[in-house]
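**Q**
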Amino acid sequence: MASHCHPINTRDAAVLALSDAQYVAPLVQTGDFLSSPDTSPRTFFYVFDYQTKDGDYPQRMGSVHGEELPYLFGAPLVDGLGHFPRNYTKSEVALSEAFILYMANFARTG
């Protein structure tokens with residue numbers, strides 16, 4: 001059986017397509033609506049696709065909904081926080097620092 005026809009690969013492709021249909025498409029549609037020429041505020045969104053080394057879903061590529069929160073709140077900088085007790089790598093510490101800086105700059109300047 002070819003690897004692209006394996007049931008696990010078929011399932012993963014279906015989950016990816018349904019995830020896009022459930023999360024990505026409405027997000028893009030909302031962004032398009034909110035950024036129409038008739039509206040004055042600018043519209044932004046971001047994609048966080050880093051898979052945490054010791055995350056809750058090691059079998060998945062990329063991240064799951066909300067997986068950016070420990071990085072936003074600086075959990076890797078203090079070696080974990082209440083709900084985010086992990087052993088973070090040096091690269092995850094750097095990612096958290098960069099993510100916090102990006103969000104602070106966004107809040108300051110848009």
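Numbering-wise (the UniProt record's numbering), the sequence shown opens with residue 1 and increments by one.
Backbone N, C-alpha and C fix where the C-beta goes; we use that ideal spot for every residue, glycine too.
Alpha carbons only, please: which of Phe84, Gly74, Pro26 is nearest the one belonging to Tyr102?
**A** Start at 1 with the first residue of the sequence shown, and residue 102 comes out as number 102. Ranking the options by Cα distance to Tyr102, first place goes to Gly74.
**Q** Does the contact criterion of 3 or more C-beta pairs under 8 Å hold for the region 28-42 versus the region 71-89?
**A** The region 28-42, when compared against the region 71-89, does not touch it at the 8 Å Cβ threshold.
**Q** Considering only the beta carbon of each residue, do Thr52 and Glu97 sit closer than 8 Å?
**A** Translated into positions along the sequence shown, residue 52 becomes position 52. Translated into positions along the sequence shown, residue 97 becomes position 97. Contact: no.
**Q** Do Asp49 and Ser63 count as a contact pair if the criterion is CB distance below 8 Å?
**A** Along the sequence shown, read from residue 1 onward, the residue named residue 63 stands at position 63. Along the sequence shown, read from residue 1 onward, the residue named residue 49 stands at position 49. Contact: yes.
**Q** Check for me: the alpha helix (DSSP H) holding Asp12 runs from which residue to which?
**A** What you label residue 12 is simply residue 12 of the sequence shown in a count that begins at 1. Start and end: 7-19.
**Q** How many Å lie between Asp38 and Ala25 at the Cα?
**A** Sequence index remark: in the sequence shown, residue 38 carries index 38 (1-based). Sequence index remark: in the sequence shown, residue 25 carries index 25 (1-based). So the two alpha carbons sit approximately 22 Å from each other.
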